[in-house]
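Residues 282 to 349 (this note's numbering) make up the sequence shown, in order.
Glycine included, each C-beta is placed from N, C-alpha and C at the ideal position.
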Amino acid sequence: MKQGPPPIKTPLARGRQIALVLAAAALTIGGLYGYAVAMFKQQAPTLIVLFYSPMAVLFLLSVNLALG
Numbered sequence: 282m283k284q285g286p287p288p289i290k291t292p293l294a295r296g297r298q299i300a301l302v303l304a305a306a307a308l309t310i311g312g313l314y315g316y317a318v319a320m321f322k323q324q325a326p327t328l329i330v331l332f333y334s335p336m337a338v339l340f341l342l343s344v345n346l347a348l349g
């Protein structure tokens with residue numbers, strides 16, 4: 282018996298998986314960058330809105346695509 286996950290059969294499914302991974306990476310990087318800048322400048326509320334709003338939208342869109 283073969284072990285491991287089944288292969289992804291369609292390019293669309295592969296694209297959805299890549300989009301989900303990229304969204305998670307963007308959310309993480311944006312969050313860390315926003316947190317670091319907020320710690321230096323002490324303007325957390327403004328930066329949270331500026332950094333997390335686009336990241337959250339991108340993340341939700343990618344989750345929607347990934348789930349189909």
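Contacting residues, own chain, Cβ-Cβ under 6 Å from residue i (five flanking each side not counted)
| i | result |
| --- | --- |
| residue 342 | none |
| residue 301 | 343, 347 |
Proximal residues to residue i (C-beta, below 8 Å), its chain only, five neighbours per side dropped
| i | result |
| --- | --- |
| residue 303 | 343 |
| residue 308 | 336, 337, 339, 340 |
| residue 333 | 311, 312, 315 |
Inter-residue Cα distance where the pair is residue i and residue j
| i | j | result |
| --- | --- | --- |
| residue 296 | residue 305 | 14 Å |
| residue 311 | residue 293 | 26 Å |
| residue 323 | residue 317 | 10 Å |
| residue 345 | residue 321 | 35 Å |
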